[in-house]
Amino acid sequence: MAYGMSEPDLRIVHPPPRERKPVVPNAVLGTMIFILTECMLFAGFISAYAIARTNVPVWPPAGQPRLPIEATGFNTLVLLASGALMVYAGRRFAEAPEAAKRPMLGAVALGVFFVLFQGYEWANLLSAGLGLRTSSHSAFFYLIVGMHGLHVLGGTAVIVRQFVQLRAGDLSGDSFWAGRLFWYFVVLLWPVLYWQVYL
6 MAYGMSEPDL
16 RIVHPPPRER
26 KPVVPNAVLG
36 TMIFILTECM
46 LFAGFISAYA
56 IARTNVPVWP
66 PAGQPRLPIE
76 ATGFNTLVLL
86 ASGALMVYAG
96 RRFAEAPEAA
106 KRPMLGAVAL
116 GVFFVLFQGY
126 EWANLLSAGL
136 GLRTSSHSAF
146 FYLIVGMHGL
156 HVLGGTAVIV
166 RQFVQLRAGD
176 LSGDSFWAGR
186 LFWYFVVLLW
196 PVLYWQVYL
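Per this note's numbering, the sequence shown starts with residue 6, numbered consecutively.
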């Protein structure tokens with residue numbers, strides 16, 4: 006380099022890379038991947054259920070208690086209403102986060118009611134003689150419905166945790182989006198299971 010010349014500023018030639026914001030937030034992307042794996046799980050359950058159903062002449066087997074189609078249809082509407090409240094909570098959160106509290110609590114209350122109602126249904130079926138070992142139909146019923154119930158409980162716990170974060174002023178939009186996405190999955194999965202298992 007010639008005497009008296011300063012070194013070139015490499016930042017001008019090669020500017021530092023700009024920080025890029027992801028198209029989908031990490032929390033939402035992770036939730037989407039998790040939901041995909043859960044879709045595969047329930048697809049496997051439904052496929053096995055369909056295969057078992059085609060291998061017997063009468064389904065459900067004669068002589069065992071029938072599933073409460075009408076009562077569970079009402080409970081399905083309860084869970085769908087919970088999902089609608091979460092959609093409303095998301096819209097209210099975008100306008101003013103504090104306004105999302107009441108619809109979140111409503112969604113939690115309806116989710117808890119759904120699980121308690123399912124538990125009441127199970128207690129009645131068990132007392133009527135429909136046990137886990139009664140038939141392959143009852144075994145699949147308890148497996149599929151029970152697994153969904155666990156997902157409802159997990160989703161309810163997520164909403165409660167996010168409600169606590171909202172009250173503390175710590176709930177981010179990305180986190181709330183991820184939580185709502187999981188709840189939508191739980192809610193929209195149930196009508197499919199109801200159609201396959203109950204109807």
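Every residue, glycine too, gets a C-beta built ideally from N, C-alpha and C.
All values derive from a computational prediction rather than experimental measurement.
Between residue i and the rest of its own chain, which residues show a CB-CB distance below 8 Å, the 5 nearest in sequence each way excluded?
i           : result
residue 60  : none
residue 97  : 104, 105 and 108
residue 167 : 109, 176, 180, 181 and 184
residue 35  : 183
residue 170 : 176 and 180
residue 30  : 179, 182 and 183
For residue i, I'd like the list of residues in its chain whose CB is within less than 7 Å of its CB, leaving aside the five on either flank, ordered along the chain.
i           : result
residue 81  : 195, 196 and 199
residue 157 : 116, 119, 120 and 191
residue 147 : 137
residue 73  : 126
residue 94  : 105, 108, 109 and 112
residue 130 : 70
Can you give me the Cβ contacts of residue i inside the same chain, cut-off strictly under 6 Å, excluding the 5 residues immediately before and after it?
i           : result
residue 123 : 154
residue 40  : 190
residue 90  : 108, 111 and 112
Count the other CB atoms within 10 Å of the CB of residue i; is the residue buried (16 or more) or exposed (fewer)?
i           : result
residue 45  : exposed
residue 52  : exposed
residue 23  : exposed
residue 49  : exposed
residue 6   : In this predicted model, residue 6 has a pLDDT of only 49, less than 50, meaning its place in the structure is not dependable enough to derive any value.
residue 79  : exposed
residue 143 : buried
residue 204 : exposed
residue 62  : exposed
residue 193 : exposed
residue 139 : buried
residue 25  : exposed
residue 88  : buried
residue 187 : buried
residue 178 : exposed
residue 67  : exposed
residue 163 : buried
residue 42  : exposed
residue 159 : exposed
Do residue i and residue j have their C-beta atoms within less than 9 Å of each other?
i           : j           : result
residue 134 : residue 65  : no
residue 180 : residue 55  : no
residue 165 : residue 92  : no
residue 202 : residue 150 : yes
residue 76  : residue 145 : no
May I ask you to check if the CB of residue i is nearer than 8 Å to at least one heavy atom of the ligand ATP?
i           : result
residue 107 : The ligand ATP is absent from the structure shown, which contains no ligands of any kind.
Quick check on the DSSP output: the alpha helix (DSSP H) that includes residue i runs from which residue to which?
i           : result
residue 136 : That residue, residue 136, is in no alpha helix (DSSP H); it is neither H nor E in DSSP.
Curious, which full-length alpha helix (DSSP H) runs of at least 4 residues does the stretch 148-201 contain?
178-198
Length-filtered (4 minimum) alpha helix (DSSP H) runs lying within the stretch 7-93
15-18 and 31-59
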